[in-house]
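Numbering follows my numbering, in which position 424 of the sequence shown is assigned residue number 424; successive positions increment by one, without gaps. Here's the structure, in structure tokens; my notes come after.
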Amino acid sequence: MKELRYLDKYFIKYKLHFLAGIFITIIAQIFFLFTPKLISQSFEAIEGFAKSDSISVEVIKSELVSNILLIILTAIIAGFLTFLMRQTLIVMSRHIEFDLKNEVFQQYENLAQNFYKQNRTGDLMNRISEDVSKVRMYVGPAVMYTINTLIRFVIVLIYMFNVSPKLTLYTILPLPILSFCIFKLSNEINKRSTTFQQYLSKVSSFTQEIFSGIRVIKANSLENQHQNNMIDLANESKAKSLDLAKVQSLFGPLMIALIGISNLVVIYSGGAMYINGSISSIGTIAEFILYVNMLTWPVASLGWISSMIQEAEASQKRLNEFLKIEPEITNTNEASSEIQGAIAFHDVSFTYDDTKILALDKVSFTVEKGETLAILGKTGSGKSTILALISRLYDVSKGSITIDGIAIPDLNLNDLRNSIGIVPQDAFLFSDTIKNNIKFGNQSATDEQVEQAAKAAVVHDNIMGFNKQYDTVLGERGITLSGGQKQRVSIARAIIKDPEILLFDDCLSAVDTETEETILNNLFEICKNKTTIIVSHRISSAKNADKIIILEDGKIIQQGSHNQLINQEGYYSALYLKQLSEKELL
1 MKELRYLDKY FIKYKLHFLA GIFITIIAQI FFLFTPKLIS QSFEAIEGFA KSDSISVEVI
61 KSELVSNILL IILTAIIAGF LTFLMRQTLI VMSRHIEFDL KNEVFQQYEN LAQNFYKQNR
121 TGDLMNRISE DVSKVRMYVG PAVMYTINTL IRFVIVLIYM FNVSPKLTLY TILPLPILSF
181 CIFKLSNEIN KRSTTFQQYL SKVSSFTQEI FSGIRVIKAN SLENQHQNNM IDLANESKAK
241 SLDLAKVQSL FGPLMIALIG ISNLVVIYSG GAMYINGSIS SIGTIAEFIL YVNMLTWPVA
301 SLGWISSMIQ EAEASQKRLN EFLKIEPEIT NTNEASSEIQ GAIAFHDVSF TYDDTKILAL
361 DKVSFTVEKG ETLAILGKTG SGKSTILALI SRLYDVSKGS ITIDGIAIPD LNLNDLRNSI
421 GIVPQDAFLF SDTIKNNIKF GNQSATDEQV EQAAKAAVVH DNIMGFNKQY DTVLGERGIT
481 LSGGQKQRVS IARAIIKDPE ILLFDDCLSA VDTETEETIL NNLFEICKNK TTIIVSHRIS
541 SAKNADKIII LEDGKIIQQG SHNQLINQEG YYSALYLKQL SEKELL
């Protein structure tokens with residue numbers, strides 16, 4: 001239960017619901033216990049009538065009718081109180097589910113890029129859906145029935161002891177056996193539940209990955225192979241589910257058998273005690289049978305409750321694995337930071353934790369406010385890493401980065417990222433309208449601003465060619481658009497944000513040179529007073545920049561202006577001549 005202690009803060013938060021549920025449960029159980037007592041009194045009345053000639057039939061009928069009406073009334077009240085119990089405790093569980101899902105989602109947002117490199121999307125989805133649902137079953141039905149069972153046990157046992165202590169002891173003899181069985185089965189359920197949840201995550205991860213890459217699978221005609229892989233994985237998951245179900249299925253029959261034994265004990269022992277005069281009325285036996293049957297559902301539910309608790313324990317353990325992770329990137333300055341855009345790298349080195357690759361090695365450069373820096377280099381030279389460090393998606397391993405003379409960790413993280421507009425290399429669009437995808441950079445933007453940003457990104461004409469134009473709903477990850485159109489919509493999204501710093505990560509790789517030239521001309525006009533960094537493989541994207549740096553294996557091997565670098569022997573001039581010969585330059 002130690003993993004479930006994480007939920008204690010929610011029980012404290014909703015303590016009024018919790019305490020009200022306990023109070024209502026106690027009152028409801030007291031009303032339920034009127035029925036056995038009234039039935040016992042009815043038997044005693046009938047027994048007294050049979051033994052005495054002085055009691056009239058009318059008196060007996062009147063007493064029986066009175067008892068029947070009281071039984072109906074108490075049953076209605078008990079039923080209504082049970083309804084209120086569910087309204088307090090089950091509603092509490094829904095509140096906790098809501099809070100827990102929000103906490104999980106917020107933690108997902110706070111965790112750094114390394115976390116997402118080490119965990120699969122399907123597994124993360126399964127934790128926020130399936131695992132949270134299992135936990136909800138614990139804080140709701142499991143807690144409710146546990147409270148109901150304990151209170152009913154205590155109250156019923158008190159009533160039974162008041163009637164006949166000796167018969168009560170005979171009745172509860174099977175309980176130690178019951179406790180032992182629950183303990184053994186609960187341990188087994190916990191093990192099998194954990195294994196099953198892990199396989200469920202594997203299925204979710206596998207299917208999510210397949211759906212995301214369905215075009216590649218179809219293009220290579222690999223449907224049958226992946227179908228077979230899915231069948232194998234589903235069969236393994238089914239086997240683990242059946243293993244869990246086999247153990248869970250033992251609880252019900254076992255509980256009912258033990259209750260049946262208790263009934264036999266009551267009938268036999270009670271009958272013997274009535275014969276020898278230890279109990280005065282046969283109504284006591286009837287009363288005890290009703291008490292035992294009142295314990296049937298609570299006892300039978302112990303298996304179900306135990307199963308829910310064990311499954312919740314396994315699920316909460318999976319949630320705790322990352323809920324207790326301290327985010328690597330935190331906002332250390334709550335005060336507002338006004339960003340102007342002057343960027344400086346001071347001997348910056350960076351190594352990726354997952355691969356241990358040294359992406360940057362003592363990189364130093366400066367970009368003044370309003371200047372444009374172009375970064376060129378081979379694949380894997382560290383170009384995109386520079387942009388990730390400026391956005392503080394990672395923190396540097398050595399050295400420092402300053403903006404306006406202030407170290408990045410000392411800036412307000414929200415203000416820093418709000419002042420940056422970034423167009424990633426892999427353009428990501430949401431399953432929403434084109435308009436909303438562009439407005440993602442500025443939710444308060446007008447339709448006119450959206451169109452202006454689209455025109456600057458040279459995608460307006462493409463959008464107007466769709467039937468619903470800017471209201472066209474894109475497929476998952478923007479699959480409706482071509483690669484070049486997705487890149488240009490991403491550029492429009494960055495432009496409309498109107499940030500102090502613009503970062504373009506090889507975002508024109510999927511457009512033709514003519515469109516590229518038009519977009520670059522628009523961007524240089526827009527970026528006049530903004531700090532701009534352009535990562536590219538093309539000279540055409542870099543030639544008009546104020547400064548150009550060339551990276552190789554994480555080090556700067558060349559830097560200067562376009563005119564300076566084409567006159568130097570090295571990577572830049574060689575690339576210039578190659579692309580010029582290929583007629584990539586206008």
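Think of the CB as a built atom: it goes at the ideal place given N, C-alpha and C, for glycine as much as any other residue.
Have a look at residue i and residue j and give me their C-alpha separation to the nearest angstrom.
i	j	result
residue 38	residue 67	6 Å
residue 128	residue 432	23 Å
residue 325	residue 511	41 Å
residue 572	residue 319	50 Å
residue 408	residue 344	10 Å
residue 396	residue 406	15 Å
residue 22	residue 158	18 Å
residue 561	residue 106	44 Å
residue 27	residue 78	8 Å
residue 59	residue 41	14 Å
residue 10	residue 96	6 Å
residue 266	residue 162	16 Å
residue 136	residue 90	9 Å
residue 333	residue 81	52 Å
residue 550	residue 381	9 Å
residue 276	residue 85	43 Å
residue 513	residue 195	54 Å
residue 346	residue 219	47 Å
residue 144	residue 155	16 Å
residue 260	residue 165	20 Å
residue 29	residue 151	7 Å
Since residue i contacts residue j with CB under 8 Å, what's their CB separation in whole angstroms?
i	j	result
residue 35	residue 75	7 Å
residue 32	residue 286	16 Å between Cβ atoms; not a contact.
residue 467	residue 412	Not quite, the Cβ-Cβ distance comes to about 44 Å (not below 8 Å), so this is no contact.
residue 126	residue 204	4 Å
residue 197	residue 99	About 21 Å separates the two Cβ atoms, so there is no contact after all.
residue 559	residue 547	7 Å
residue 208	residue 6	Wrong, their Cβ atoms sit about 27 Å apart, outside the cutoff.
residue 340	residue 410	Actually they are not in contact, since the Cβ atoms of residue 340 and residue 410 sit about 15 Å apart, beyond 8 Å.
Where does residue i land, buried or exposed, given buried means 16+ other C-beta within 10 angstroms?
i	result
residue 350	buried
residue 94	exposed
residue 168	buried
residue 280	exposed
residue 443	exposed
residue 569	exposed
residue 454	buried
residue 499	buried
residue 401	buried
residue 148	buried
residue 18	buried
residue 363	buried
residue 88	buried
Can you list, in chain order, the residues of its chain whose CB lies under 7 Å from that of residue i, leaving out five sequence neighbours each side?
i	result
residue 585	With a pLDDT of 43 at residue 585, under the threshold of 50, the modelled position of that residue is not reliable, and the figure given next carries that caveat. Here the set comprises 539, 540 and 579.
residue 527	372 and 502
residue 138	4, 308, 309 and 312
residue 236	199
residue 384	425, 505 and 535
residue 449	496
residue 217	210, 223 and 226
residue 485	459 and 462
residue 269	167 and 170
Residues in the same chain with beta-carbon distance under 6 Å from residue i, minus the five sequence neighbours each way, listed in chain order, please.
i	result
residue 328	112
residue 566	573 and 576
residue 361	349, 554 and 555
residue 63	45
residue 104	128
residue 110	327
residue 607	The structure shown has nothing for residue 607, since the chain only spans 1 to 586.
Return no unless some Cβ of chain B is closer than 8 Å to the Cβ of residue i.
i	result
residue 195	The structure shown contains no chain B; it holds only a single protein chain.
So, at 8 Å on beta carbons, what are the nonlocal neighbours of residue i in its own chain, with the 5 sequence-adjacent residues on each side left out?
i	result
residue 206	122, 229, 230 and 233
residue 544	372, 520, 524 and 562
When the Cβ atoms of the region 498-513 are set against those of the region 417-431, are three or more pairs found closer than 8 Å?
yes
- request: Mind the definition here: the region 529-537 touches the region 355-372 only if three or more C-beta pairs lie below 8 Å; say whether that holds.
  value: yes
Decide if the region 341-360 is in contact with the region 285-297; the criterion is three or more beta carbon pairs, one per stretch, under 8 Å apart. no
Would you say the region 68-88 touches the region 110-119, given that touching needs at least three Cβ pairs under 8 Å? no
* Is the region 437-449 touching the region 481-493, taking contact as three or more C-beta pairs under 8 Å? -> yes
- prompt: Three or more C-beta pairs closer than 8 Å, one from the region 450-465 and one from the region 512-522: is that the case here?
  reply: yes
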